[in-house]
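>
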Amino acid sequence: MTNLTNLTDLTAKAAVDAIAAGDLDAAELFTAYREAAAAEDLNAYTWVADQTPDLSAAAALPLRGVPLAVKDLFCTQGVPSQAGSKILEGYRPPYDATVVAQLAAAGTSLLGKTNQDEFAMGSSNENSAYGPVKNPWDHTRVPGGSSGGSAAAVAAGLAPWALGTDTGGSIRQPAALCGIVGLKPTYGSVSRYGMIAFASSLDQAGPFARDVTDAALLYSHMHGRDPRDATSVGRPDADAIALPTGERLDGLRLGVPDDLTGEGVEPGVWTAFEAALETAKGLGATVERVALPHAGYGLNAYYVIAPAEASSNLARFDGVRYGARAEADDLITMYTKTRHDYMGTEVKRRILIGTYALSSGFYDAYYASAQKVRTLIARDFTTAFAGVDLIVTPTSPGVAFPLGAKTEDPLSMYLNDIFTIPISLAGIPALSLPCGLSEGLPVGLQLAGPAFSENRILEAAYALEQAFAFDNTPSAIGGAPS
Amino acid sequence: MSTTTYETVIGLEIHVQLKTATKMFCGCELTFGEPPNTRVCPVCLALPGALPVGNAEAIHLGIMIGHALGCEIAPRMKFDRKQYFYPDSPKGYQISQFDEPLCAGGEIGGVRINRVHLEEDAAKTIHAGASGRIHGSEASVVDFNRGGTPLAEIVTEPDIHSAEQAGEFLRLLRTTLRVLGVSDVNMEEGSLRCDANISIRPAGTTELGTKTELKNMNSFRYIERGIRAEVARQTALLDAGERIVQETLHFDPRTERLTSMRSKEEAQDYRYFPEPDLVPVPVDAAMLDRARAAMPELPAARQARFEADLSLHPDTAKLLAWRSELGDWFEAALAASPDGVSPQTAGPLANWTTNELLTRLGGDVDPATSKVTPAAMAQLVALVTARTVTAGAGKEVLDTLIAEGGDPAQIVEAKGLGAVGGEDTLAPIVAEALAANPDIAERLRGGDMKPMGVIIGHVMKATKGRADGGEVTKLVRAQLGV
Amino acid sequence: MIDRTQVLHVARLARLQLTDDEVERMSTELSSILDHIETISELDLSDVAPTAHVVASEGALRADAPRASLDHDVALAQAPDPADDGFRVPSPQA
Ligand SMILES: [Mg+2]
Ligand SMILES: [Zn+2]
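Residue numbers (UniProt numbering), protein chains in the order written: chain A, 1 to 482; chain B, 1 to 482; chain C, 1 to 94.
#1: Would you be able to state if there are at least three C-beta pairs under 8 Å between the segment 197–206 of chain A and the segment 246–261 of chain B?
#2: Since L113 of chain A and Y342 of chain A should fall inside the 8 Å C-beta cutoff, what is the C-beta to C-beta distance between them, to a whole number of angstroms?
#3: Span of the beta strand (DSSP E) holding D73 of chain C?
#4: Less than 7 Å between C-beta atoms, sequence neighbours within five positions excluded: which residues of the same chain meet that for residue 502 of chain B?
#5: If you scan the segment 221–274 of chain A from start to end, which runs of the alpha helix (DSSP H) of 4 or more residues do you find wholly inside it?
#6: Within 7 Å of any Cβ in chain B, is that where the Cβ of R15 of chain C sits?
#7: At the 7 Å Cβ level, is D96 of chain A part of the contact set with chain C, yes or no?
#8: Is the beta carbon of V43 of chain B within less than 6 Å of some heavy atom of ligand 2?
#9: Could you give the residue range of the beta strand (DSSP E) that holds Y6 of chain B?
#10: Could you pull out every residue in the same chain whose Cβ sits closer than 8 Å to the Cβ of E58 of chain C, ignoring the five residues on either side in sequence?
#11: According to DSSP, is A306 of chain A part of a helix, a strand, or is it coil?
#12: Considering only DSSP beta bridges, list what G129 of chain B is partnered with.
#13: Buried or exposed: V74 of chain C, going by 16 or more other Cβ atoms within 10 Å of its Cβ?
#14: Under the rule that 16 or more other beta-carbon atoms within 10 Å means buried, what is R290 of chain B, buried or exposed?
#15: How would you label H127 of chain B, buried or exposed, when you count the other beta carbons within 10 angstroms and need 16 or more for buried?
#16: Name the residue from A:F198, A:D250, A:R64 and A:V190 whose alpha carbon lies nearest to the alpha carbon of R225 of chain A.
#17: Let me check understanding here. Comparing Cα to Cα, which of C:L13, C:R4 and C:I2 lies closest to S311 of chain A?
#18: Could you list the residues in the segment 38–54 of chain B with a C-beta less than 8 Å from some C-beta on chain C, going in chain order?
#19: Can you tell me where the alpha helix (DSSP H) with G470 of chain B in it begins and where it stops?
#20: Listed in chain order, which residues are found with a beta carbon closer than 6 Å to a heavy atom of ligand 1?
#21: Verify the CB distance criterion: does V142 of chain B have a CB-CB separation below 7 Å to chain C?
#22: Have a look at B:A441, B:A232 and B:L357 and flag the residue whose alpha-carbon is nearest the alpha-carbon of T8 of chain B.
#23: Is there at least one non-hydrogen atom of ligand 2 closer than 6 Å to the beta-carbon of C75 of chain A?
#24: Using 7 Å as the limit for Cβ to Cβ distance, is I134 of chain B near chain C?
#25: How would you label R172 of chain A, buried or exposed, when you count the other beta carbons within 10 angstroms and need 16 or more for buried?
#26: Just to make sure I have the definition right: I need the residues of chain A whose C-beta is within less than 7 Å of the C-beta of P50 of chain C. Which are they?
#27: Within the 7 Å Cβ cut-off, does S150 of chain A reach chain B?
#28: Identify which residue in B:A467, B:E432 and B:G457 has its Cα closest to the Cα of V420 of chain B.
#29: In chain order, what residues of the same chain have a beta carbon less than 8 Å from the beta carbon of G246 of chain A, not counting five sequence neighbours either side?
#30: Between the alpha carbons of I423 of chain A and E34 of chain B, how many angstroms are there, rounded?
#31: What does a CB cutoff of less than 7 Å around P299 of chain B pick up in its chain, not counting 5 residues either side in sequence?
#32: If I follow the unbroken beta strand (DSSP E) through D195 of chain B, where does it start and stop?
#33: With the cut-off set at 7 Å, would you say Q356 of chain A and V10 of chain C are in Cβ contact?
#34: Mind reading off the beta-carbon distance from L12 of chain B to T156 of chain B? Whole number of angstroms is fine, and I expect it under 8 Å.
#35: Can we count C28 of chain B as close to ligand 2, meaning its CB is less than 6 Å from some heavy atom?
#36: Tell me the rounded alpha-carbon separation between T354 of chain B and A403 of chain B.
Here it is, written out as structure tokens:
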């Protein structure tokens, strides 16, 4: 029908429309992506479908059989779901995550599972037991993390869109570093059932897409209350996600937090961010300063709460019922050796921090205090949103950094998420949109709004996207593929 | 020889399996005796990504227990994680309640209740002997069918001062729970399990001594014997000038020996924290009312009713009310009483039930399992009351009922046990007796009534004990004109 | 600050074996991370309520209705050491 090399250039929405119009065959599209994914050199995938499924029925569904790449920590029935960890090597779950099942029911077809930082712990995808992912813009640089494989796959045209998860920035930061759109929805609007948990009170699934429309389209089929997830609430009635259309921002009040921006931000990123604000003003938005006095403590609270929950969530990886086991003559050694041999350094580090923070004598100073800081940060956002509609920041303080640059200094790695973490703690939605380049690498603009304001965020992002006219084709400035 | 007398201080922790259709946090059906690992799902196997959702019925039953024990019910149902690694705990933590138990305070049978909280039961670990795969070492096999059964943990204040009091309290508690219908309360099957915290202190002092914990005793008799053995052990230690070591003990009822279970284990650090997968559920008025409406009459109230309405002796009323099966049987008999329900019918029926019937069946036997129906018992007692049979003959009828069952009137008829009475029948026999004892007759005629027994004895002999003494006396007086 | 002994204690609670090198490295790294975290103590948190959940949901319960369990074979399919219809583990006391 169509020239195969062009098929993977279509956005998901364009593909959906083309299939609906009878101009494109879903199986042909799938095959084009499957072949591209199987031949990729970014290490973005840990598993790729080995054949093209029968998509004749799917083509009648809303998403028309369009392929979907899925972060490896989503359980997919009978398909490896390893969460980037050696302890789950070859693990094939007996059930599908709710989101995966929902999107399959809407007509997507599973293209592959994408690489990630082990158990979603990381900001560079270098903590994967299956090797680091390369940034399609520069193969010597990281794609960001933890959903680095999903971001790289979408940015490189190896998937039309992808599922990721965001705990402290794991969708937004890699989206920014790879020059694509990533949405972290309101906590509770998407089911967590079947997502291999990192930090239960923060984890949320969301879409990666090449443009805002695709992100909106994928999210519109993800949200919903799931009776299997007691923390899921879906969206308020009659608040379905609409595909954005407006090209102006008249009357929109944007807030730039005094307490977050400034120091630690690379000059090129700051320049791109300020240019983006000027563009927004040109579209009719107003920009003002807002105070988030406790946001600066977000990292502190996050690095107690997330490891504490993780230390507990990861206790189930004990070599008894599934996953890898180290042989030993006694139970304790079996446990300790299994967890030593099959878990990576960052995972161990966070398990130790979390265990320490919950242990007798330290709970109040760490865990209880962190939860109180969380209250203050959430309150800060509520106060700020009384005066502005959306809060904008750079998504990440820097562009994609070289592989290996921060692996020896965990704290400097953690500082990557300084803009995304406070939003995660407050449970509110935020989107990262490419707004320009610095040193030839993409810079992300983060737009955050009150709980369930996804429509407002998507509308604003769409208008900005039209004005930025960002070319999301990776220019591969760095080292050639090795 | 002991020179100090000690006071025993005991607090009990009782785990009660709740009678729900499904597990606490998943939909697996609760059945008894299924093949291993056939009642398991992603949630109760703690597969990656699975999430718990609370069972509404378990909370309802928990509230009923709270009502029954006179507890304060918490305004919300909040769960916490209690971390420990053991193969019977698949998540590496137990979902339990820490700082906000569902029920607090309360009292039953003179023992104050500290708290009642809900949690999930552990799985079953079966010793598997030496394993072939792990050379020369012992192994266990885990069956997760029972894992996740809803439990109510009832914790008393240290208000119990003897083994007997502990036994009596547990019997009342078990009856109360059985009457509530919240549990099978079967100790052999493990649906009711009891741990005892035991310490002793010099009589008259108030400071608590070092306590030991006696674990998992599976019958009332073992509990009483175990407590006695532990009190004796502690007394001997203190008398010898030694210290009590805080430890967990196992009582072997066959050898009467107490052995330490975890002497070498490090101090536990459970690292409790709020369960992030479960949002607290408000306990609203509707839930409280529903539980209130489902409350049956409890043993203490039933005893009071037996005393007030039926004028039963307190001991009899307590025996019938605290053994609900006995009380139920008695009330069924009373309802079938040919002479209606009144203190006049209830008194003799209660005495026949608790004295004659129970003595013959054996103290612990449920009369419902015997061949004596409540209606038969009611008829028998009515026959005795009406003097249609004498008390002695009635006991013979009861023996027959126990051996063969049947209808009391028919047994009386068939065995010729009916009372011999009426002037026509008895008058000639009395005349004959007087004629055979002229000297006695003379003394009676002279107003000396002492030898009346000789005449009655004569008549009884002639009627094989089926005459009524009162009627004989009346006839003697009539015939002698005194 | 977190010293070697504390690292080993916490690792034991977490059932995590560490080599000597790892103990050394973790003790240094965790100390610097915890030092950073501890700047929380600058805040007066005495009157602040903790937030465990950001969801404003009323919480969710499940009706007590049975759902299908996994097939026995599926339940055991991923077990590292299945035996006697169950999951075999070494005994606590070797
Ligand atoms: Mg307990
Ligand atoms: Zn289950």
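From the three backbone atoms N, C-alpha and C, an ideal C-beta is built for every residue, glycine too.
On the basis of the data shown:
#1: Taking a cut-off of 8 Å on C-beta distances, the segment 246–261 of chain B does not touch the segment 197–206 of chain A, as fewer than three cross pairs fall below it.
#2: Within the first sequence, residue 113 of chain A is the residue found at index 113, counting from 1. Within the first sequence, residue 342 of chain A is the residue found at index 342, counting from 1. With the sequence shown as reference, residue 113 of chain A is identified as Lys, and Leu is not the correct amino acid for it. The beta carbons of K113 of chain A and Y342 of chain A sit about 19 Å from each other, so the pair does not count as a contact at 8 Å.
#3: Numbered from its first residue, the third sequence carries residue 73 of chain C at position 73. Element bounds for D73 of chain C: not the beta strand (DSSP E) but the alpha helix (DSSP H), H72 to L76.
#4: The question about residue 502 of chain B has no answer, for chain B in this structure spans 1 to 482.
#5: No alpha helix (DSSP H) of 4 residues or more sits fully in the segment 221–274 of chain A.
#6: Within the third sequence, numbered from 1, the residue matching residue 15 of chain C stands at position 15. Yes - at least one Cβ of chain B is within 7 Å of the one on R15 of chain C.
#7: Here residue 96 of chain A refers to the residue found at position 96 of the first sequence. By this cut-off, D96 of chain A is not an interface position.
#8: Reading the second sequence from its first residue, position 43 is the one you call residue 43 of chain B. Checking the Cβ of V43 of chain B against ligand 2 gives yes.
#9: Against the second sequence, residue 6 of chain B aligns to sequence position 6. Where Y6 of chain B is concerned, the enclosing beta strand (DSSP E) stretches over Y6 to Q17.
#10: Residue numbering aside, residue 58 of chain C sits at position 58 when the third sequence is read from its first letter. Nothing listed; no residue qualifies.
#11: Sequence index remark: in the first sequence, residue 306 of chain A carries index 306 (1-based). In the three-state reduction of the DSSP assignment, A306 of chain A falls in the helix class, which pools H, G and I.
#12: Reading the second sequence from its first residue, position 129 is the one you call residue 129 of chain B. Paired residue(s): B:A139.
#13: Residue 74 of chain C sits at position 74 when you count from the first residue of the third sequence. It counts as exposed.
#14: Along the second sequence, one-based indexing puts residue 290 of chain B at 290. Flag for R290 of chain B reads exposed.
#15: Start at 1 with the first residue of the second sequence, and residue 127 of chain B comes out as number 127. Counting Cβ neighbours within 10 Å, H127 of chain B comes out exposed, since fewer than 16 surround it.
#16: Residue numbering aside, residue 225 of chain A sits at position 225 when the first sequence is read from its first letter. Of the listed residues, the one whose Cα sits closest to R225 of chain A is A:V190.
#17: In the first sequence, counting from the first residue as 1, residue 311 of chain A sits at position 311. Cα-wise, what sits closest to S311 of chain A is C:L13.
#18: Legend: CB atoms of the segment 38–54 of chain B lying less than 8 Å from CB atoms of chain C belong to residues T38, R39, V40, C41, P42, L45, V53 and G54.
#19: As a working note, residue 470 of chain B is residue 470 in the second sequence. Boundaries of the alpha helix (DSSP H) harbouring G470 of chain B: G469 to L480, taken from the DSSP string.
#20: Cβ atoms closer than 6 Å to ligand 1 belong to B:S96, B:E119 and B:E153.
#21: Here residue 142 of chain B corresponds to residue number 142 of the second sequence, with the count starting at 1. Output row for V142 of chain B: interface = yes.
#22: What you label residue 8 of chain B is simply residue 8 of the second sequence in a count that begins at 1. The candidate whose alpha carbon is nearest that of T8 of chain B is B:A232.
#23: Counting from one through the first sequence, the residue named residue 75 of chain A turns up at place 75. Every heavy atom of ligand 2 is 6 Å or more from the Cβ of C75 of chain A, so no.
#24: Position 134 of the second sequence holds residue 134 of chain B. For I134 of chain B, the pLDDT reaches just 47, beneath the cut-off of 50, and the residue's location in the model is therefore unreliable, leaving the point undetermined.
#25: Here the question's residue 172 of chain A lines up with position 172 in the first sequence. Around the Cβ of R172 of chain A, a 10 Å sphere holds 16 or more other Cβ atoms; the residue is buried.
#26: Along the third sequence, one-based indexing puts residue 50 of chain C at 50. Simply A368, Q371, K372 and T375.
#27: Taking the first sequence and counting its residues from 1, one reaches residue 150 of chain A at position 150. Answer no: the Cβ-Cβ gap between S150 of chain A and chain B never drops below 7 Å.
#28: In the second sequence, the residue the question calls residue 420 of chain B occupies position 420. Of the listed residues, the one whose Cα sits closest to V420 of chain B is B:A467.
#29: For the purposes of this step, residue 246 of chain A is identified with residue 246 of the first sequence, where counting begins at 1. So the list reads E459, Y462 and A463, once near-sequence residues are dropped.
#30: One-based indexing of the first sequence puts residue 423 of chain A at position 423. One-based indexing of the second sequence puts residue 34 of chain B at position 34. If I take the Cα positions, the gap works out to 48 Å.
#31: Sequence index remark: in the second sequence, residue 299 of chain B carries index 299 (1-based). Once the five neighbours on either side are set aside, the close Cβ partners of P299 of chain B are L172, T175, T176, V179, A321, W322 and S324.
#32: Position 195 of the second sequence, counting from 1, holds the residue named residue 195 of chain B. Where D195 of chain B is concerned, the enclosing beta strand (DSSP E) stretches over L192 to P202.
#33: Counted from its first residue, the first sequence places residue 356 of chain A at position 356. Counted from its first residue, the third sequence places residue 10 of chain C at position 10. The amino acid occupying residue 356 of chain A in the given sequence is Tyr; Gln does not appear at that position. At the C-beta level, Y356 of chain A and V10 of chain C come within 7 Å of one another.
#34: Start at 1 with the first residue of the second sequence, and residue 12 of chain B comes out as number 12. Start at 1 with the first residue of the second sequence, and residue 156 of chain B comes out as number 156. About 5 Å separates the Cβ atoms of L12 of chain B and T156 of chain B, confirming a contact at the 8 Å cut-off.
#35: Mapped onto the second sequence, residue 28 of chain B falls at position 28. Between ligand 2 and the CB of C28 of chain B, the shortest heavy atom gap is smaller than 6 Å.
#36: One-based indexing of the second sequence puts residue 354 of chain B at position 354. One-based indexing of the second sequence puts residue 403 of chain B at position 403. So the alpha carbons of these two residues sit roughly 18 Å apart.
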